[in-house]
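Notes follow once the structure below has been shown.
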Amino acid sequence: MINLRYHVISLAAVLLALAAGIAVGAGLLDESDAATVSDSSDTAEISPALAGFDAGYASMTAPSLLRDKLKNRTVLLLTTPGARDNEVDSLIENLTTAGARVTGQVELTGKLLSPSNRQFAEGVATQSDPDAAAAESDYGKVGAALARGYLTQGDGSLDETARTIRSAFTEGGLLDAEQDPEVSAQLVLVVSGPAGAAAGGEGTVVSSMVAGLDAGSQGVAVVGPVSSGENGVVNAVRGSDAAANVSTIDVTDTGTGRVNAVLGLVREAAGQSGAWGTSRAADGPVPN
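Each residue of the sequence shown is one higher than the last, beginning at 1 in the numbering used here.
Dropping the structure here:
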């Protein structure tokens, strides 16, 4: 398992090289030479000095790397129950730096992400959005309905069907709108938390939903901390059929990683999906 201290330094070096226009290979994040100091990357000790370096570096480089890359784009944040507030806030800040308008923040609740509630979630989807019934799987129907309610490939205006879908999912306890979007969004950033006891079921549900979200939008990226790429939501999406069309990034537990996550959404917006982050990411450390 990757050592978080090694990861922070390596990713910072990658972003520095990117800012300077130097081609960087995936080998900088190769785990083979990293010494493991903890059973979990999320509990690994990291010195305040190193954490401060990472945060400072990310703050200084984000404007040059991100400025106007998502200008005039709208983005919806969907979070899982384990998503960390500080990571979400930092991602929103980076999206704003990139010129995006964040339309809102909506939590996919534990009720929605529990496979035991599959039939209920499907029923809410098909009753609120009859067109969702055409989707091949139950959670495909859910994804299609959420796309109809919250996403767009056009101007973002809401109609009565979209409002009905939002109300049905919220009243059913399947969504919790921390900031209910006033318009539909073109892009989606799904923010997951660390791998945990519920991650297996959550990963299965999210993987089945994101294809519908992608089909109803201009692009989806699923992001999370290092452990999410090991056996959490990000890993599940990478192992699913959705991986061909949905981008994934597994480094949001560092400041530089959260810059990386927005760069991944930039690539997704351009129609180029990929998997970036640690050495488990098939397309290398940083989108380029």
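Yeah, the Cβ is synthetic: ideal placement off N, Cα and C, and Gly gets one too. Please read all numbers here as calculations on a predicted model, not as lab measurements.
Asked: Contiguous beta strand (DSSP E) assignments of at least 3 residues, all confined to the stretch 80 to 159; Found: 101 to 108
Asked: Status (buried if at least 16 other CB within 10 Å, exposed otherwise) for residue 71; Found: exposed
Asked: Assigned secondary structure, residue 286 (DSSP; H/G/I helix, E/B strand, else coil); Found: coil
Asked: Rounded separation between residue 221 and residue 277 - CA only; Found: 13 Å
Asked: Rounded distance between the beta-carbons of residue 93 and residue 191, thought under 8 Å; Found: Not quite, the Cβ-Cβ distance comes to about 13 Å (not below 8 Å), so this is no contact.
Asked: From 61, 203, 73, residue whose alpha carbon lies closest to that of residue 156; Found: 73
Asked: One or two residues paired with residue 179 in a DSSP bridge; Found: 105
Asked: Neighbour-count burial assignment, residue 253, 16 or more Cβ in a 10 Å radius; Found: buried
Asked: Neighbourhood of residue 106 by C-beta, 6 Å cutoff - its chain only, sequence neighbours within 5 removed; Found: 78, 175, 177
Asked: Cut-off 8 Å between Cβ atoms - residues of its own chain near residue 260, not counting five sequence neighbours on either side; Found: 11, 15, 249, 251, 276, 277, 285, 286, 287
Asked: Alpha-carbon spacing of residue 293 relative to residue 96, whole angstroms; Found: A question about residue 293 goes unanswered here, because the residues of the chain that appear run from 1 up to 288.
Asked: Helix, strand or coil at residue 259 according to DSSP, with G and I counted as helix; Found: helix
Asked: Spatial distance of residue 245 from residue 216 (CA atoms); Found: 12 Å
Asked: Buried versus exposed, by CB contacts within 10 Å (16 or more), residue 304; Found: Only positions 1 to 288 of the chain appear in the structure, and residue 304 is not among them; the question remains open.
Asked: N- and C-terminal bounds of the alpha helix (DSSP H) containing residue 247; Found: No alpha helix (DSSP H) holds residue 247; the beta strand (DSSP E) holding it covers 247 to 249.
Asked: Nearest neighbour of residue 52, chosen from 238, 256, 232, 265 [CA to CA]; Found: 256
Asked: Per-residue DSSP class, three states only, for residue 226; Found: coil
Asked: Own chain, CB closer than 7 Å to residue 201, minus 5 neighbours either side, in chain order; Found: 113, 114, 115
Asked: Sequence-distant residues of its chain with Cβ nearer than 7 Å to residue 180 (five each side left out); Found: 104
Asked: Residue of 159, 209, 223 minimising C-alpha distance to residue 142; Found: 209
Asked: Per-residue burial, residue 160 [other beta carbons within 10 Å of its own, 16 or more giving buried]; Found: exposed
Asked: Where residue 252 sits in the DSSP three-state scheme; Found: coil
Asked: Residues near residue 20 in its chain [Cβ-Cβ closer than 7 Å; skip 5 each side]; Found: Note that residue 20 scores 37 on pLDDT, short of 50, meaning its location in the model is unreliable; the coordinates nonetheless yield the value given after this. Result list for residue 20: empty, nothing under 7 Å.
Asked: Of the listed residues 118, 148, 150, nearest to residue 139 (C-alpha basis); Found: 118
Asked: Under the three-state DSSP convention, the category residue 70 falls into; Found: coil
Asked: Between the CA atoms of residue 100 and residue 219 - distance to the nearest angstrom; Found: 14 Å
Asked: Whole-number beta carbon distance between residue 188 and residue 151, since they are thought to touch under 8 Å; Found: 6 Å
Asked: Buried/exposed call for residue 270, threshold 16 Cβ in 10 Å; Found: exposed
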